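K.L.:
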Amino acid sequence: VKRKPFTPLYRCLFILCSVVAAGLSIGIGVLIGKNVRYNQELPNYQLDYNDKIRQMVFDEIQTTNIKKNLHELTVKPHEAGSHQDEVVLVDSIEKTWKSYLDKVEIYPYNVLLSYPNITDPNYVGLLHPNGSVTMKTNFTEKPLVKNEDQPGVVPSFLAYTPSGDVSGDLFYVNYARVEDFEELLKLKVNVTGAICMARYGYIFRGDKIKNAEKFNCVGLVLFSDPYDYGGNSYPNSWWLPPSGFQRGSTQLHGDPLTPDYPALDLTHRIQEIETNLAKIQAQPISYKQAYEYISKLGGAVAREAWQGGMNVTYRLGGSFEHPHKNCKAEIHIGNVNVLKKIHNVIGYIKGWQDPDKYVIIGNHRDAWTYGGLDPSSGTAVVLEVARAIAGLVRDGKWRPRRTLVFCNWGAEEHGLIGSTEWTEQLEKRLLLRAIAYINIDIAVQGNANLWASATPTLYSAIYNTTKVVPNPNIDKISQNRSTVFDTWLYKKARNVNLPPIGNLGSGSDYTTFLQKCGVASVDLIYSFDERIPSYPSYHSLHNTFDYMENFVDPEFKYSKAVAEVAADLMMKLSSLPVLPLSPNDYSAKLKSMFQQFNETNGEFLNANGIHLTNLESTIDQFKEAAEALTNAAEKLNVESSDAEIRVINDRLFEIDRGFLDFKGLPGQQWRHVIFAPASHNSYSASGFPGVTDAIYNLQHSTGTLDEVRQQLSVLSLKILSAADLMKGF
């Protein structure tokens, strides 16, 4: 073919195309160069997780470092909003993490915090007819060992209870549960206008106050009964001394003034009167001082199950015995609420392949007193996990595929505030990117066995991890219990194969990750095997480093075990090409929950014309989708492309998002329709919470059949949504 000569137009086009082609070549070369350089930064990295890497990080985690961390964290009291917590410890953790993590950020929030008024002490007293008040309870605890008398220890109070004075007849109401008040009603005991006295235990203290409000009490006094917390007391053993008392918050929903939104400077704040904070006065006291009141109560003798551990007969009250027959109980509260700035410290190790996917670990920093167990045992562990993993990265031995995020939360004790505000600020990002959240609040509160509460997709990963972490109790290894799993199984198993994993309610920082963002979550703790509500010095003056070292974990070997469990979980979740999440475990959990729900409520529902066939059918459909996704994940191999793997991984970690109802559960801020804090005990988890609460309300004449039908419908639809998220093209 004869070639046409170049015309001026062709010459211009030729030159233009040559310039564009050259530009593209340079651009592609730059991109290739960048990728080559990035890969050249990692020539010796073990990019996948294996036994060798695991052992490296286990060897790197040192008990001496955990002990040193804990000692430094607990030198002084560090309540939320204090200089020690928000300046000294924030600066220390930020500086430490900047020395070995890839990036560190500070997230500040202006939030409403509650404090006792030092110049207007809270008390419970005996009000005489002439207006005088005697038997005033102590505002502070008695230091029993050296270093317990540091300035900054929070006196006796319950955060966010209103200031003021109230008086009335005194009644003993056991644990202030709904069933306790209902039992009093059956006995024709009327607590309207009265002050009630209750034991700590079984349910969240804020729910005790809510119940007292519901049954028309005007005030509530709480004490730690020696039946639950007493024995040969501290400092001779770990049991709470007679002078000890438990502080605490009465709400768990983040900053009270910015519900559902982060407490930034630009955020609109509601008025305090618009909040759901406690409306009645309430105060904690020691069991030594509770004795003075219980021993003077008149009225009927409480039944045996209501009797406590003090050397006195517990009576229901309503009046005092002679010579105090005409006296009333009085509560005086001087609490103040103030806006304070709090800080979260967030550190990152960037993932080499999927940096936009996050595996998150967190612990809160603030403590009511010194924080020996709660929370600083957890802070000490998280700091050591971060240091150990970062050491492998620094030395070129390993780097995660997905980004690791280390979180140090502020103001947890006042109501999960730091973590709630952060998840509210980053909600959309977390919905799309967060793989899992690992929570360590109290790392060690006993040395019997590990205890985990988690969402079901994490069950298998937790079991597999605990099977490779050595048993910290060397004496038990000779009894064929060589791993953390073995002792957990031995102590807690309800069947021969697997120990139980608890459901997640509320009470710590995993709450909003699961409830607002649908992030698979686990809470880890090494615990005791005694039947008590919590470790005895919980939220007391005696929650110190010495308490931990003398009575809980003297060699810090149980702390190391928790650190190893957390590190292994983080590294598996961030490094294995296919996420170790199990949809089949979720379908099995749903099946067992349905069976239990049907056994408890099926007959009642059938009698009211409500049937569970649709719910059962949706659970079967979920099972089919879970099995299909599991099969698809198992077919992936070394020849599978990154895109194929990522598609499967996205479907694996999104499962819990399907269970979120963004309208919220009725009367609650929570969204998860499978697991949520129980409406009458925020600490515990309620299965199928919307339906369960609707049935409860119907049975107590405060709800309707239509509400039950509606919540059954929502539950079924959300199970279908989760099943749909697991499906492919």
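Note that UniProt numbering has the sequence shown beginning at 1, numbered continuously upward. Glycine is no exception: its CB is placed at the ideal position from the N, C-alpha and C atoms. Nothing here was measured: the structure is a model prediction, and the numbers come from that model.
Just confirm the distance between the C-beta atoms of Gly125 and Glu384, as a whole number of angstroms; I'd bet it's less than 8 Å.
P.N.:
Numbered from its first residue, the sequence shown carries residue 125 at position 125. Numbered from its first residue, the sequence shown carries residue 384 at position 384. Gly125 to Glu384, Cβ: 47 Å. No contact.
K.L.:
Go to Val484, then tell me how far its alpha helix (DSSP H) extends in each direction, as first and last residue.
P.N.:
Against the sequence shown, residue 484 aligns to sequence position 484. First-last of the alpha helix (DSSP H) with Val484: Val484 to Lys492.
K.L.:
Less than 8 Å between the C-beta atoms of Ala563 and Val444, yes or no?
P.N.:
Taking the sequence shown and counting its residues from 1, the one referred to as residue 563 is at position 563. Taking the sequence shown and counting its residues from 1, the one referred to as residue 444 is at position 444. No, the pair does not count as a contact, with Cβ atoms beyond the cut-off.
K.L.:
So, for Asn447: in the same chain, excluding its five sequence neighbours on each side, which residues have a beta-carbon less than 6 Å away from its beta-carbon?
P.N.:
On the sequence shown, residue 447 is found 447 positions in, with the first residue counted as 1. Tyr558.
K.L.:
With a threshold of 16 other CB atoms inside 10 Å of the CB of Phe622, please say whether the residue is buried or exposed.
P.N.:
Mapped onto the sequence shown, residue 622 falls at position 622. It counts as buried.
K.L.:
So, at 6 Å on beta carbons, what are the nonlocal neighbours of Ala520 in its own chain, with the 5 sequence-adjacent residues on each side left out?
P.N.:
The residue you call residue 520 lines up with position 520 of the sequence shown. Contacts found: Ala436, Thr455, Thr457, Leu458 and Asp656.
K.L.:
Following the continuous beta strand (DSSP E) through Pro355, name the residue where it begins and the one where it ends.
P.N.:
Residue mapping note: residue 355 aligns to position 355 of the sequence shown, counting from 1. Its beta strand (DSSP E) spans residues Asp354 to His364.
K.L.:
Short check: CB of Asp228 to CB of Gly201, under 8 Å?
P.N.:
Along the sequence shown, read from residue 1 onward, the residue named residue 228 stands at position 228. Along the sequence shown, read from residue 1 onward, the residue named residue 201 stands at position 201. For Asp228 and Gly201, yes; Cβs fall inside 8 Å.
K.L.:
So for Tyr348, helix, strand or coil by DSSP?
P.N.:
As a position in the sequence shown, residue 348 is number 348, starting the count at 1. Note: Tyr348 maps to strand in three-state DSSP.
K.L.:
Between the stretch 283–290 and the stretch 222–240, are three or more C-beta pairs nearer than 8 Å?
P.N.:
As far as the Cβ criterion goes, the stretch 283–290 touches the stretch 222–240, which means the pair count is three or higher.
K.L.:
According to DSSP, which residues form a beta bridge with Leu127?
P.N.:
Your numbering for residue 127 matches position 127 in the sequence shown. BP columns for Leu127 point to Val133 and Lys328.
K.L.:
In chain order, what residues of the same chain have a beta carbon less than 7 Å from the beta carbon of Asn601, not counting five sequence neighbours either side?
P.N.:
As a first step, residue 601 is located in the sequence shown; it is residue number 601 there, counting from the start. Closer than 7 Å at Cβ, skipping near neighbours: Ile695.
K.L.:
I need the straight-line Cα distance from Ala625 to His83, nearest angstrom please.
P.N.:
Mapped onto the sequence shown, residue 625 falls at position 625. Mapped onto the sequence shown, residue 83 falls at position 83. Ala625 and His83: Cα-Cα distance of roughly 52 Å.
K.L.:
In chain order, which alpha helix (DSSP H) runs of at least 4 residues are fully inside the stretch 684–716?
P.N.:
Whole alpha helix (DSSP H) segments, 4+ residues: 689–699.
K.L.:
Could you please give the first and the last residue of the uninterrupted alpha helix (DSSP H) stretch that includes residue 748?
P.N.:
Because the chain is modelled from 1 through 729, residue 748 falls outside the range shown and cannot be assessed.
K.L.:
Check each candidate in Pro116, Thr74 and Ser617 and name the one with the smallest Cα separation from Ile333.
P.N.:
One-based indexing of the sequence shown puts residue 333 at position 333. Of the candidates Pro116, Thr74 and Ser617, the one whose C-alpha sits nearest the C-alpha of Ile333 is Pro116.
K.L.:
How long is the line joining the alpha carbons of Ala159 and Ala282, rounded to whole angstroms?
P.N.:
Locating residue 159 in the sequence shown gives position 159, counting from the first residue. Locating residue 282 in the sequence shown gives position 282, counting from the first residue. Rounded to the nearest angstrom, the two C-alpha atoms are 9 Å apart.
K.L.:
Give me the Cβ distance between Glu321 and Pro375, rounded to the nearest whole Å; I'm assuming they're in contact under 8 Å.
P.N.:
As a working mapping, residue 321 is identified with position 321 in the sequence shown. As a working mapping, residue 375 is identified with position 375 in the sequence shown. Going by Cβ atoms, the distance from Glu321 to Pro375 rounds to 43 Å, so no, they are not a contact pair.
K.L.:
In this structure, what does DSSP give as the bridge partners for Glu105?
P.N.:
In the sequence shown, the residue the question calls residue 105 occupies position 105. Its beta-bridge partners are Ile346.
K.L.:
So if DSSP puts Lys727 in a beta bridge, which residue, or which two residues, is it bridged to?
P.N.:
Position 727 of the sequence shown, counting from 1, holds the residue named residue 727. In DSSP, Lys727 forms no bridge with anything.
K.L.:
Can you give, in chain order, each stretch of the beta strand (DSSP E) that sits fully within the stretch 374–449 and has at least 3 residues?
P.N.:
Listed in chain order, they are 402–409 and 434–439.
K.L.:
Would you tell me roughly how many angstroms separate the C-alpha atoms of Leu24 and Leu652, rounded to the nearest one?
P.N.:
Counting from one through the sequence shown, the residue named residue 24 turns up at place 24. Counting from one through the sequence shown, the residue named residue 652 turns up at place 652. Here the model assigns Leu24 a pLDDT of 40, short of 50, so the residue's position is not dependable, and the following value carries that caveat. Each residue's Cα considered, the two are about 38 Å apart.
K.L.:
What span of residues does the beta strand (DSSP E) with Ala643 cover, start to end?
P.N.:
Position 643 of the sequence shown holds residue 643. No beta strand (DSSP E) holds Ala643; the alpha helix (DSSP H) holding it covers Asp642 to Phe653.
K.L.:
Suppose only complete runs of 4+ residues qualify. What are the alpha helix (DSSP H) ranges in the stretch 498–545, listed by chain order?
P.N.:
Fully enclosed alpha helix (DSSP H) runs of 4 or longer: 510–517.
K.L.:
Got a sec? Which residues, its chain only, sit under 7 Å from Thr466 by beta carbon, not counting five neighbours each side?
P.N.:
On the sequence shown, residue 466 is found 466 positions in, with the first residue counted as 1. Leu450, Thr483, Val484, Phe485, Trp488 and Val565, listed in sequence order.
K.L.:
Ends of the alpha helix (DSSP H) at Val90?
P.N.:
Here the question's residue 90 lines up with position 90 in the sequence shown. It spans Val90 to Lys98 - the alpha helix (DSSP H) in which Val90 sits, taken as one unbroken run.
K.L.:
Look up Ile674 in the DSSP assignment and say whether it is helix, strand or coil.
P.N.:
In the sequence shown, counting from the first residue as 1, residue 674 sits at position 674. Coil at Ile674, not helix or strand.
K.L.:
Determine the contact status of Phe361 and Phe406, defining contact as a CB-CB distance below 8 Å.
P.N.:
Taking the first residue of the sequence shown as position 1, residue 361 is located at position 361. Taking the first residue of the sequence shown as position 1, residue 406 is located at position 406. Inspection of the sequence shows that residue 361 is occupied by Ile rather than by Phe. Contact flag set, yes.
K.L.:
Out of Ala561, Val393, Asp585 and Thr140, state which residue places its alpha-carbon closest to the alpha-carbon of Ser243.
P.N.:
Residue mapping note: residue 243 aligns to position 243 of the sequence shown, counting from 1. Nearest C-alpha to Ser243: Thr140.
K.L.:
How would you call Val336, buried or exposed, if buried means at least 16 neighbouring beta carbons within 10 angstroms?
P.N.:
The residue given as residue 336 occupies position 336 in the sequence shown. It is exposed - the Cβ of Val336 has fewer than 16 other Cβ atoms within 10 Å.
K.L.:
Can you give the Cα-Cα distance for Ser540 and Phe245, rounded to whole angstroms?
P.N.:
Against the sequence shown, residue 540 aligns to sequence position 540. Against the sequence shown, residue 245 aligns to sequence position 245. Cα to Cα, the separation comes out at about 6 Å.
K.L.:
With a Cβ-Cβ cutoff of 8 Å, do His343 and Ser114 count as a contact?
P.N.:
Within the sequence shown, residue 343 is the residue found at index 343, counting from 1. Within the sequence shown, residue 114 is the residue found at index 114, counting from 1. No. Outside cutoff.
K.L.:
Using a Cβ-Cβ cut-off of 8 Å (strictly less than) and excluding sequence neighbours within five positions of Thr63, which residues of its own chain qualify?
P.N.:
Counting from one through the sequence shown, the residue named residue 63 turns up at place 63. Within the same chain, Thr63 has close Cβ partners Glu555, Phe556, Lys557, Ser559 and Lys560.
K.L.:
How many Å lie between Lys76 and Pro470 at the Cα?
P.N.:
As a first step, residue 76 must be located in the sequence shown, where it is residue number 76. As a first step, residue 470 must be located in the sequence shown, where it is residue number 470. If I take the Cα positions, the gap works out to 33 Å.
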